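Read the structure below first, then the notes.
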């Protein structure tokens, strides 16, 4: 079962920052937080991941709370092309040959960027 | 970066026939690939884990005799939907991870839209 909780939908004005929350209160110490997004009728696209430090790349920033029970994905300047379903997933990094390597998707957040 | 190619992108078949979907890792070797199914307005549901050279591991409730998975090489996994019926119509997506690469995530194919008529 998915270990994260996300709001079902959010709106954001074009050009503004989009802040997508995720709750993962049962996260384990060796589990990373991953963010993917899925644009309609396409395969999911990797955005960013992190363990406990905040992370930033060319697509987004990931802010993880100190207790690691929640995180926020930030798209600094949302465009219409960022309209998609955003998935927050927790899983262990590395490989142990077992079930923990599976990527289990929750229901995600549908972000609608408005012009 | 790691690229996963999935073919066909869409297919229409008659009820009772079988359909094969291919998933290829183009620039890396994938000892493990994953197959998902997605119904309209729903999230991705993991169907099975495909392991090179061995039997696939199916998730609970997924019929292994209906969804045949073959992972005969380090760059190719196939999913065959046998005796397809309209309720099998769905969006099928594969993913793989480049364990030897720098990217610590999973790369997904573009998906296959299956319509059974």
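Residue numbers (my numbering), protein chains in the order written: chain Y, 1093 to 1207; chain H, 1085 to 1201. The C-beta atom is built at its ideal place from N, Cα and C for all residues, glycine as well. Everything numeric in this text was worked out from a predicted model, so none of it was measured.
Closest by C-alpha distance to residue i, when choosing among the options
{"i": "residue 1097(Y)", "options": "1109(Y), 1108(Y), 1115(Y) and 1106(Y)", "result": "1115(Y)"}
{"i": "residue 1140(H)", "options": "1110(H), 1156(H), 1127(H) and 1089(H)", "result": "1156(H)"}
{"i": "residue 1166(H)", "options": "1175(H), 1143(H), 1200(H) and 1089(H)", "result": "1200(H)"}
{"i": "residue 1156(Y)", "options": "1204(Y), 1102(Y), 1182(Y) and 1137(Y)", "result": "1182(Y)"}
{"i": "residue 1119(Y)", "options": "1128(Y), 1132(Y) and 1158(Y)", "result": "1158(Y)"}
{"i": "residue 1142(H)", "options": "1093(H), 1126(H), 1112(H) and 1120(H)", "result": "1120(H)"}
{"i": "residue 1114(H)", "options": "1196(H), 1198(H), 1181(H) and 1192(H)", "result": "1181(H)"}
{"i": "residue 1161(Y)", "options": "1204(Y), 1140(Y), 1103(Y) and 1125(Y)", "result": "1125(Y)"}
{"i": "residue 1125(H)", "options": "1100(H), 1175(H), 1179(H) and 1192(H)", "result": "1175(H)"}
{"i": "residue 1087(H)", "options": "1095(Y), 1121(Y) and 1138(Y)", "result": "1138(Y)"}
{"i": "residue 1145(Y)", "options": "1121(Y), 1099(Y) and 1179(Y)", "result": "1121(Y)"}
{"i": "residue 1141(Y)", "options": "1127(Y), 1095(Y) and 1099(Y)", "result": "1127(Y)"}
{"i": "residue 1207(H)", "options": "1127(H), 1096(H) and 1116(H)", "result": "As shown, chain H starts at 1085 and ends at 1201. That puts residue 1207(H) outside it, with no answer to give."}
{"i": "residue 1199(Y)", "options": "1193(Y), 1130(Y), 1117(Y) and 1103(Y)", "result": "1130(Y)"}
{"i": "residue 1193(Y)", "options": "1123(Y), 1102(Y) and 1206(Y)", "result": "1123(Y)"}
{"i": "residue 1096(H)", "options": "1170(H), 1146(H) and 1149(H)", "result": "1170(H)"}
Residue j beta carbon less than 8 Å from that of residue i
{"i": "residue 1104(H)", "j": "residue 1162(H)", "result": "yes"}
{"i": "residue 1195(Y)", "j": "residue 1190(H)", "result": "yes"}
{"i": "residue 1072(H)", "j": "residue 1130(H)", "result": "No information on residue 1072(H) is available, as it lies outside the stretch 1085 to 1201 that chain H covers here."}
{"i": "residue 1148(Y)", "j": "residue 1113(Y)", "result": "no"}
{"i": "residue 1177(H)", "j": "residue 1135(Y)", "result": "yes"}
{"i": "residue 1106(Y)", "j": "residue 1152(Y)", "result": "no"}
{"i": "residue 1110(Y)", "j": "residue 1172(Y)", "result": "no"}
{"i": "residue 1201(Y)", "j": "residue 1177(Y)", "result": "yes"}
{"i": "residue 1090(H)", "j": "residue 1173(H)", "result": "no"}
{"i": "residue 1151(H)", "j": "residue 1168(H)", "result": "no"}
{"i": "residue 1094(H)", "j": "residue 1196(H)", "result": "yes"}
{"i": "residue 1174(Y)", "j": "residue 1143(Y)", "result": "no"}
{"i": "residue 1197(Y)", "j": "residue 1128(H)", "result": "yes"}
Residues sharing a beta bridge with residue i, DSSP
{"i": "residue 1129(Y)", "result": "1137(Y) and 1178(Y)"}
{"i": "residue 1102(Y)", "result": "1203(Y)"}
{"i": "residue 1184(Y)", "result": "1123(Y)"}
{"i": "residue 1151(H)", "result": "1165(H)"}
{"i": "residue 1197(Y)", "result": "Paired residues: none, contrary to the question."}
{"i": "residue 1191(H)", "result": "1180(H)"}
{"i": "residue 1173(H)", "result": "None; residue 1173(H) has no bridge partner."}
{"i": "residue 1112(Y)", "result": "1165(Y)"}
{"i": "residue 1097(Y)", "result": "1115(Y)"}
As assigned by DSSP and simplified to three states, the class of residue i
{"i": "residue 1198(H)", "result": "strand"}
{"i": "residue 1092(H)", "result": "coil"}
{"i": "residue 1168(Y)", "result": "coil"}
{"i": "residue 1158(Y)", "result": "coil"}
{"i": "residue 1146(Y)", "result": "coil"}
Return the chain-ordered ranges of every beta strand (DSSP E) run that is complete within the stretch 1100-1142 of chain H and spans a minimum of 3 residues.
-> 1103-1109, 1116-1122 and 1129-1135
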